[in-house]
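Following the working numbering, the numbering of the sequence shown begins with 1 at its first residue and continues without gaps.
Structure, as structure tokens:
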Amino acid sequence: MNYRIEEETLIEAPFYCDYGYNIEVGENFFANFGCVILEVNKVTIGDNVLIGPYVQIYTAAHPMDPTERLSGKEFGKPEVILYKINRFKLG
């Protein structure tokens with residue numbers, strides 16, 4: 001697997017992801033309940049990031065043409081990167 005989770009990480013259930021191994025989170029990370037990360041491509045979340053309830057992060061996309069979409073094709077958009085919002089301490 002290719003995932004990284006740093007210290008002081010708290011993820012409230014339920015949490016949903018596509019693959020799980022394309023997600024990296026930094027220190028002091030918090031995701032509230034209902035978080036969805038569909039990571040066809042790499043998602044990097046930096047230090048001191050808070051994610052509110054029901055936030056959804058998508059790197060996955062599908063063709064817009066209905067015929068192509070029926071083929072099940074999927075592609076990844078560029079990675080999502082969130083960096084130091086505010087400094088805080090969990091607990």
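All residues carry an ideal CB built from backbone N, CA and C; glycine is no exception.
Alpha-carbon to alpha-carbon, Gly26 and Phe33 = 18 Å
Note the first and the last residue of the continuous beta strand (DSSP E) segment covering Glu24.
-> Ile23 to Val25
Roughly how many angstroms lie between the CA atoms of Leu10 and Asn48, to the nearest whole one?
-> 11 Å
Does the Cβ of Thr59 have 16 or more other Cβ atoms within 10 Å, making it buried, or fewer, making it exposed?
-> buried
Enclosing alpha helix (DSSP H) for Thr67 [first to last residue] | Pro66 to Leu70
Go through its chain and collect everything with a Cβ distance to Glu39's Cβ below 7 Å, but skip five positions before and after it.
-> Cys17, Asp18, Tyr19, Asn22, Ile23 and Thr59
First and last residue of the uninterrupted beta strand (DSSP E) at Thr9 | Thr9 to Ile11
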